[in-house]
Each structure stands twice: as C-alpha cells, then as structure tokens.
Amino acid sequence: MGMLGFFKKKKFDMDAVDYSKLIEIARILSNDNKGLVDDATLMANDYEKFRQTNDKWCSEMWEDSLDSHSARLLIAAYWFVGYETAHQFGAYIDWKEETEDILWQLKSTIDSLGYSLNLNKIIFTGEEPTDEALDKINEYFLAEGYTLVTLDTDSDCYHLFIVPNEKMDRLIYLGQSIGYRFFYDYKD
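Take a look at the structure:
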C-alpha cells in the first residue's frame, strides 16, 4: 500500500483533531526555528491561508483524492522536512538512497539545526543498504544524545529528522494525537 493508501485508511474525527499539536511538533523538529514554527502556526490555525500563501508549492504537493485531514498531515510532513522549500530541517530520501547522499542531506540538516554532530565519525563499508546505513547513523546519534527519527508516510521514502533524545517521547505522543507515526528502528 502506498502513501495515499495509508492516509485513506486512517479515519479521524477532523473536528476532534487538535492541529495546534503541529506547532509543538515543528518546534521539536526544527530546534525551535521561528520561521518553521510560524508556518506550523498558520497551518494549524488557518490551513486555507497557509495554502494560499504557499499556493504554488501546495498545488504541486496536493493530492485531490485525500480528505482535508490527510492532506494537511501530508503537506506538513513535506514542509517540515524542507522538501523543495528554502529551509531544511530534515532529509527526504528514497528507500534505496546512496549512503553519501544520505550523509549530504543530513549534514545540511545538522547545519540548519545548529547541532554539533560529526558524521565523519560513522564508519561505512559503502555496501550498506539504506536501512542499515540509517541504523548506523542512528547508533551514532543515540550515543551523542539524539535520535534519527522517521515520520512515516507509508511510502517508499523516508522523512528523516534529528531529535534530542529527551524530546522523543513527547514527539511520539504529539504525533499519535493527530495521526502521525514516528519510528526510529531501521532494522525491520
């Protein structure tokens, strides 16, 4: 089942969803970047205005077959990672991405977040499939006080974020409350 099937099968009472949780999720994922938090605030409080403000980008990302709840979550996932935007607080990679490309994207993410992580400390054979490379990267991050977390869109791509370990439980809780699933075990 692809990404769209994942969002279609989830049924939420859209009136009961507290989209203000997107604001705190953005704070955690961006290391409290004001620009992203402001974007998440607009997305949470006036989604139509967010779409109008970012009309070209949203029109390229929007999937008409999705209900508004699923579309908002999907748009937020891509916006938070920085897909085709001016900011980058995560890495968007394919399931078969080369290790060097993963590291290049994560380096930009680390720089944007202002974290002191040295990806050169991770030893690769160069033959690792993507999930093994992500697991090695996460092992290093965990030892440094961070987690490499994926926002699951049930697609063949990863929306990767670097989150301080002490904020992981809160992030997972917030995500579940609005219909997101975050994971950080790349062995399966």
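With our numbering, letter number 64 in the sequence shown gets 66, and the count goes up by one each step, no holes.
All C-beta atoms in this analysis are idealised placements derived from N, C-alpha and C, irrespective of residue type, glycine included.
If you follow the alpha helix (DSSP H) that residue i is part of, which residue opens it and which one closes it?
| i | result |
| --- | --- |
| A135 | 132–145 |
| S72 | 70–83 |
| V39 | 36–47 |
| T111 | 101–115 |
Could you give the distance in angstroms between the alpha-carbon of residue i and the alpha-carbon of residue j?
| i | j | result |
| --- | --- | --- |
| K10 | Y160 | Residue placement at K10 is poorly supported in this model, since its pLDDT is 45, which falls under 50; the coordinates are not used for a value here. |
| T149 | L136 | 11 Å |
| K36 | A42 | 10 Å |
| T106 | W59 | The residue asked about is misnamed: residue 106 is Trp in this sequence, not Thr. Cα-Cα distance, rounded: 24 Å. |
| A79 | K138 | 24 Å |
| D156 | T101 | 21 Å |
| K51 | L44 | 7 Å |
| D66 | H89 | 25 Å |
From what residue to what residue does the beta strand (DSSP E) around residue i run?
| i | result |
| --- | --- |
| I164 | 159–166 |
| T149 | 148–153 |
| A93 | 93–96 |
Hey, would you say residue i sits closer than 7 Å to residue j, going by beta carbons?
| i | j | result |
| --- | --- | --- |
| L31 | F91 | yes |
| N167 | L115 | no |
| L176 | I77 | no |
| W97 | D158 | yes |
| R29 | V19 | no |
| A46 | L68 | no |
| L173 | V165 | yes |
| L108 | A93 | yes |
| V151 | Y186 | yes |
| I104 | I95 | yes |
| Y182 | D133 | no |
Count the other C-beta atoms from every protein chain shown that fall within 10 angstroms of the C-beta of residue i, then say buried if there are 16 or more, exposed otherwise.
| i | result |
| --- | --- |
| N140 | buried |
| F163 | buried |
| G84 | buried |
| E129 | exposed |
| E99 | buried |
| T55 | exposed |
| S179 | exposed |
| A145 | exposed |
| S72 | buried |
What do you reckon, is the C-beta of residue i under 6 Å from a heavy atom of the ligand ATP?
| i | result |
| --- | --- |
| L162 | Here there are no bound small molecules, and the ligand ATP is not part of this structure. |
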